[in-house]
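Quick note: the sequence shown, position 145, residue 174 per the working numbering, numbers continuous.
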Amino acid sequence: MFRQMRNNTVVNSLGSKMRKKWSNGLILCLLSVGIQQFGGAAIIQAKAQLAPILIEVAWMETLQLHGQVVKPWPWADTWPVGRLQVPELDVDLFILEGDSGNALAFGPGRALPSAQLGGSGTAVVGGHRDTHFAFLKELRKGHRLQVQVPSGERREYQVDEVRVVDSSRELLSVDTEDNVLVLVTCYPFDALQAGGSLRYVVKALPGERDLMSKLSSAGVWEL
């Protein structure tokens, strides 16, 4: 009887593995058929669904490797360099390196001429007004932001200024040693066509707790 029970267990185990293998094969077959039928559209849709997952996995690996660059897929020309969270608005986004069209298709991106996130200088992050940065219209002075950097540390910011800028008349200056976070998107948010010169600019400065922590660690502030 014991031998029969053991044989049944082995059979069930093998059956489970075979079903799993068959199921995976069926999924691959369906994906293959879908790609053949729909071509580029199917590939784009699959990539759009998988990209956020791959980017999050790459960020988790970046934290485990203490800031080492990890690309979400081998041929990617961008990678996650930060995590932006706005608790009051339930916003949680991964910031990618670079603000080219390829990067912005998958999330907000850090402008390459600007400072590194969380460091001294002005870090500029751009995003599309109708997707990842649509929430900027909800930000008000005093709102708190959190930015996690590749080392795993979190930086706290507070919105200091919100304004509309005409980029054809005014350039965004990043020549400063102060720790400033600037979020930028196109404006107006409900424009029918993109490509205008107006920009919606949100400027955030280190929050009180983050600032006091830095002063204390530098020996300037003691509680």
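Ideal placement from N, C-alpha and C gives every residue a C-beta, glycine not left out. Note that the structure is predicted; figures quoted are calculated from it, not measured.
Checklist entry - Using the C-alpha atoms, what's the distance from residue 102 back to residue 232? => result One C-alpha to the other measures close to 32 Å.
Checklist entry - Can you tell me the Cα-Cα spacing of residue 124 and residue 224, whole angstroms? => result 22 Å
Checklist entry - Can you tell me whether residue 161 is buried or exposed, with buried defined as 16 or more other CB within 10 angstroms of its CB? => result buried
Checklist entry - Rounded to a whole number of angstroms, what is the C-alpha to C-alpha distance between residue 166 and residue 226? => result Between residue 166 and residue 226, the C-alpha separation is close to 17 Å.
Next on the checklist: Looking at residue 26: is its Cβ nearer than 8 Å to the Cβ of residue 141?
Outcome noted: Within the shown structure, residues of the chain are numbered from 30 to 252, placing residue 26 beyond reach of any answer.
Checklist entry - Alpha carbon to alpha carbon, how far is residue 56 from residue 168? => result Below a pLDDT of 50, predicted positions are generally treated as unreliable, and residue 56, at 43, falls in that range; the measurement from the model is reported next regardless. Approximately 42 Å, taken between the alpha carbons.
Next on the checklist: Looking at the secondary structure, which residues open and close the beta strand (DSSP E) in which residue 152 lies?
Outcome noted: That run of the beta strand (DSSP E) goes 150 to 155.
Next on the checklist: Relative to the C-alpha of residue 209, which candidate in 126, 150, 94, 184 has its C-alpha closest?
Outcome noted: 150
Next on the checklist: At the level of alpha carbons, what is the spacing between residue 64 and residue 193?
Outcome noted: Annotation note: pLDDT 49 at residue 64 (below 50); position unreliable, no value reported.
Next on the checklist: Among the candidates 106, 110, 84, whose CA atom is the shortest distance from the CA of residue 183?
Outcome noted: Closest by alpha carbon: 110.
Next on the checklist: With a threshold of 8 Å on Cβ separation, who are the neighbours of residue 118 within its own chain once the five nearest residues in sequence on each side are excluded?
Outcome noted: 164, 167, 168, 172
Next on the checklist: Quick check on the burial criterion: 16 or more other C-beta atoms within 10 angstroms. Buried or exposed for residue 82?
Outcome noted: So residue 82 ends up on the exposed side.
Checklist entry - Just the Cα atoms here: how many angstroms apart are residue 90 and residue 80? => result 15 Å
Checklist entry - Excluding five sequence neighbours on each side, which residues of the same chain lie with their C-beta closer than 6 Å to the C-beta of residue 221? => result none
Item to check | Through-space distance from residue 107 to residue 136, alpha-carbon basis | outcome: 10 Å
Checklist entry - Can the beta-carbon of residue 155 be found less than 8 Å from the beta-carbon of residue 214? => result yes
Item to check | In DSSP terms, what residue 229 is bridged to | outcome: In the DSSP output, where bridge partners are listed per residue, residue 229 has 193, 214.
Next on the checklist: Let me make sure I understand the geometry here. Which of 218, 92, 228 has the alpha-carbon closest to that of residue 179?
Outcome noted: 92
Item to check | Cβ-Cβ separation, residue 175 to residue 185 (assumed contact under 8 Å), whole Å | outcome: Indeed they touch by this definition, with Cβ atoms about 6 Å apart.
Item to check | According to DSSP, residues forming a beta bridge with residue 112 | outcome: For residue 112, which the question treats as bridged, DSSP gives the partners 123, 177.
Item to check | For residue 185: DSSP bridge partner residues | outcome: 175
Item to check | Residues sharing a beta bridge with residue 209, DSSP | outcome: 151
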